[in-house]
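According to the numbering used here, the residues represented by the sequence shown are 263 to 856, in order.
Note that the Cβ used here is the ideal one computed from N, Cα and C, for glycine as well.
Read the structure below first, then the notes.
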Amino acid sequence: MSYSQIWDLDVFFEGGSDSPQLRTHLDETKIKVDQFAGKLQTFETPATQSAAGSVAQLLEEGSTIQLQIGQASGFISCLEAQDMNDTQANTLRSEVTQIVATFRSAFNSLEQKLANTDQTVWDQLIQDKQLSDFRFVLEEWRAKAKEQLSEDEESLISALSVDGYHAWGQMYNTIVGQMTIRVTVEGKEKELSVGQANNLLSHEDSAVRKEVYEKLEEAWKSKEALFARTLNHLAGFRLNVYQKRGWENVLKEPLDYNRMQQETLDAMWGAITKHKTTFVKFLERKAKLMGKEQLDWYDLNASTQDNNQKLSYDEGAEFILKHFQTFSPKMADFAKMAFEDRWIEAEDRSGKRPGGFCTGLPLSNQSRIFMTYSGSMSNVATLAHELGHAYHSYVLRDVHPLNRRYAMNVAETASTFAEMIVADASVKEAQSEENKIALLEDKIQRSVAFFMNIHSRFLFETRFYEERKNGFVTADRLNALTDEAQREAYVDTIATTSPSYWSNKLHFHITGVPFYNFPYTFGYLFSLAIYAKALEEGTDYEDQYIALLQDTARMTTEDLAKKHLGADITKEDFWEKGIALCEKDVEEYLRLTD
263 MSYSQIWDLD VFFEGGSDSP QLRTHLDETK IKVDQFAGKL QTFETPATQS
313 AAGSVAQLLE EGSTIQLQIG QASGFISCLE AQDMNDTQAN TLRSEVTQIV
363 ATFRSAFNSL EQKLANTDQT VWDQLIQDKQ LSDFRFVLEE WRAKAKEQLS
413 EDEESLISAL SVDGYHAWGQ MYNTIVGQMT IRVTVEGKEK ELSVGQANNL
463 LSHEDSAVRK EVYEKLEEAW KSKEALFART LNHLAGFRLN VYQKRGWENV
513 LKEPLDYNRM QQETLDAMWG AITKHKTTFV KFLERKAKLM GKEQLDWYDL
563 NASTQDNNQK LSYDEGAEFI LKHFQTFSPK MADFAKMAFE DRWIEAEDRS
613 GKRPGGFCTG LPLSNQSRIF MTYSGSMSNV ATLAHELGHA YHSYVLRDVH
663 PLNRRYAMNV AETASTFAEM IVADASVKEA QSEENKIALL EDKIQRSVAF
713 FMNIHSRFLF ETRFYEERKN GFVTADRLNA LTDEAQREAY VDTIATTSPS
763 YWSNKLHFHI TGVPFYNFPY TFGYLFSLAI YAKALEEGTD YEDQYIALLQ
813 DTARMTTEDL AKKHLGADIT KEDFWEKGIA LCEKDVEEYL RLTD
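Following this line, the structure appears as structure tokens:
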């Protein structure tokens, strides 16, 4: 089977950035948002249970608008990613941001009026058959609204965020989109996008990795004053909002967003910190195999083995389909449909955004996956990861939109579960011992990324936000905080760090989700618990897995784990079980390379 590496976007809006269909869709969405806002101006705080019908109608209208906004936003995300020089896509992004702010302001009004409802009336409302299916999200909104400012103040924040908060995030994307890196590869000088250059940090030639690392650091350094400004203003906006709401803990918003408790986060990082010794041994062995005392930053993703195994895109797709089938025939069927119907943009070309993602087009019940595929097993795992995201959305397609809004930590669970299937299979099917070592090393490097790299991001961001409370944090200080966090997270096992990481990591500059770091590690370890059950039960576990995914937006993560895994995730022992599986990989690696 031959699969296209270029996605199909015309099925949504034909004509890309200049699509007349998209123009009509945006204009219609604006009208609906204005009408929705007008209705809420006359909507009174519910005084009796008889208001259930009016509330249900507003929820339906709001849900429809959210689907329309999601359709446009997802499409524009694809346009921005496939061609970073598409200036019209940037203009459209600004337009959608304004629509979202207007809608958010109107929806805040609904949430505030629900929050002001008398408790007795409220108890009657959420038991009404028109609203009972949405009890969890309604209770969540009510609790959140009570912790926020007045309706007018929250509306003002939403309005100001368009040309303030979100604009700084868009400015960052614009600057990065214009950056190019000149490097010499195999005797030829090439001009690469940031994403293409990042891919070379895993190149088999140490000299190439070193040059790319230095050129990247130099490029980020040349613009650090601009990036320091974007990051400081993003953080400053958040902190000012937090202060007005009376929130002292900078982690309150990300914890609430991810529906998890501080105790859960502390238990996860506590368990990881206790077990880093095993992964230190891995990094020390890897350095020794490379003939070094300690690894440099540009060695972290490189292989110590001459792993010549490359899979074409079609071969990678078939590998994924084969191994998805062993765990979940339904997931395999879904993935095959995604390949055949061109849901995936994987072509290796210049001008694309760095990294990978999966975005939803909810009106069409479809997703689109973006990455740059170059044939490594790591690329295959990334492709599986993004297909896991898409499958999560797919199994929720018949669930009411209000009960589909799952948070990032559980979103990363489905994707990492899919990635784990492929990474584990690649090790088991290694063609030689040398190949097995390389694949095992690649798998362990994911653990290192989640336990050390993500930890360094978390340490940096929490410390940066605390310092930002006292004023502007300079680029030099941001470099120092990054260096300090990386050395601590990697337990001083690396000779060089990447001081510019704060500027080159998109996640620090994303406005949609605060603290875009710890949910990755949560998802990784949580998925290991699911993977262990799937290994025990095989395809018999498929329906249980789907049931878990369908509950991800209907309860807290603590309740989700208790219901579907019978586990208490506020305790370190839950997290240690997943870490122990990763430690076994290291033990095997150390044995094979002894």
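When DSSP states are grouped into helix, strand and coil, I268 belongs to the coil group. A straight-line Cα-Cα distance of about 25 Å links D425 and Q344. Each of F581, M552, A737, N352 was checked against the Cα of G439, and the nearest Cα belongs to N352.
Excluding sequence positions up to five before and after K301, its CB lies within less than 8 Å of the CB of L320, E323, all in the same chain and listed in chain order. Counting only residues of its own chain and dropping the five nearest sequence neighbours on each side, Y656 has a CB closer than 6 Å to the CB of F596.
Assignment of Q350 by DSSP, reduced to helix, strand and coil, places it in the helix class. At a Cβ-Cβ threshold of 9 Å, M530 and I831 count as neighbours. Here F712 has Y782, T783, Y786, L787 as same chain residues with Cβ atoms under 8 Å from its own Cβ, once five neighbours each way along the sequence are excluded. Per DSSP, reduced to three states, the secondary structure at Q567 is coil, with no helix or strand assignment. As far as DSSP is concerned, R500 takes part in no beta bridge.
Annotation: L768 is outside any alpha helix (DSSP H) and is labelled neither H nor E by DSSP.
Beta-carbon to beta-carbon, T307 and N370 are separated by about 14 Å, too far to satisfy the 8 Å threshold.
When rounded, the separation of the alpha-carbon atoms in F601 and E413 is 46 Å. When DSSP states are grouped into helix, strand and coil, S629 belongs to the strand group. The alpha carbon of K572 has as its nearest neighbour, out of D272, A700, R404, K485, the alpha carbon of A700.
Note: E577 is not bridge-paired with any residue in the DSSP secondary-structure output. Along the length of the segment 827–852, whole alpha helix (DSSP H) runs at least 4 residues long do not occur. The beta-bridge partner set that DSSP reports for R444 consists of E453. Between the alpha carbons of K833 and K292 lies a gap of roughly 47 Å.
Take S420, set aside five residues on each side of it, and the residues of its chain with a beta-carbon closer than 6 Å to its own are A363, R366, S367, in chain order. Each residue's CA atom was taken as its position, placing S339 and S281 some 15 Å apart.
Per DSSP, reduced to three states, the secondary structure at G332 is helical. For the segment 478–531, not one full-length beta strand (DSSP E) segment reaches 3 residues or more. Membership of F734 in any beta strand (DSSP E) is not indicated, and neither H nor E is assigned to it by DSSP.
Our two residues, G774 and R816, have alpha carbons roughly 21 Å apart in a direct line. Shown here, E609 sits in coil according to DSSP, grouped into three states, outside any helix or strand.
Three or more beta-carbon pairs separated by less than 8 Å are not found between the segment 636–647 and the segment 745–754, which leaves the two stretches without contact. Excluding sequence positions up to five before and after V399, its CB lies within less than 6 Å of the CB of L664, all in the same chain and listed in chain order. Under the three-state reduction of DSSP output, I388 falls in the coil class, being neither helix nor strand. Ranked by Cα distance from C620, the options L513, V447, W269, S264 are led by W269. In the same chain as V672, and ignoring 5 residues on each side of it, the C-beta atoms closer than 6 Å to its own belong to T814, in chain order. Taking C-alpha positions only, V848 is separated from K690 by approximately 15 Å. In this structure, the CA atom of Q392 is about 43 Å from the CA atom of A533. When DSSP states are grouped into helix, strand and coil, G637 belongs to the coil group. In the DSSP assignment, F298 is bridged to no other residue. Residue nearest to F586 within the set G622, Y560, L649 is L649 (criterion: CA-CA distance).
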